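With my numbering applied, the sequence shown covers 5 to 97. Read the structure below first, then the notes.
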Amino acid sequence: MPDTPASFEVKGCEVRYYGPHRAISGRVTGVVRVLVEQSFMGNLSRYHLDLKVKADVGAVSTAEVRTALLAHAARQLNRLKARHTEKMAIAAE
């Protein structure tokens, strides 16, 4: 872990399951499980996040569906990481 006041690292991810959307043709929905390691104020936490993901891919191969779902999870994680690694304000003394 880097020696920063707050860090947020993705240690692994996997597509848990996916399937066609019930109402929208061409859309695939699923769940991606992500292992996160977070350091905040000296405390180290490791936990899993189950992210609901979707992709409008139509009729493509399994590998392309998995790639699209992982890309959607990556976008969600980038937004989450941006919120959790902002610099904390330090009070003037």
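Quick reminder that beta carbons are idealized off the backbone N, C-alpha and C, glycines included. Note that this is a predicted model, so its numbers are computed, not measured.
Query, Result
"Can you find the residues in the same chain that come closer than 6 angstroms, C-beta to C-beta, to His25, ignoring five residues on each side of it along the sequence?", "Arg31 and Thr33"
"Please go through the same chain and pick out, in chain order, the residues whose beta-carbon is closer than 7 angstroms to the beta-carbon of Val19, but skip the five residues on each side of it.", "Gly34, Val36, Arg70, Leu73 and Leu74"
"CA-CA distance, Asn47 and Leu55?", "24 angstroms"
"Using a Cβ-Cβ cut-off of 8 angstroms, state whether Phe44 counts as contacting chain B.", "Chain labels in this structure do not include chain B; a single protein chain is all it has."
"Hey, His76 and Val61 are a contact pair by Cβ (cut 8 angstroms); roughly how many whole angstroms apart?", "That pair is no contact at about 11 angstroms."
"At which residues does the beta strand (DSSP E) containing Gly62 begin and terminate?", "No beta strand (DSSP E) holds Gly62; DSSP gives it neither H nor E."
"How long is the line joining the alpha carbons of Glu13 and Lys85, rounded to whole angstroms?", "8 angstroms"
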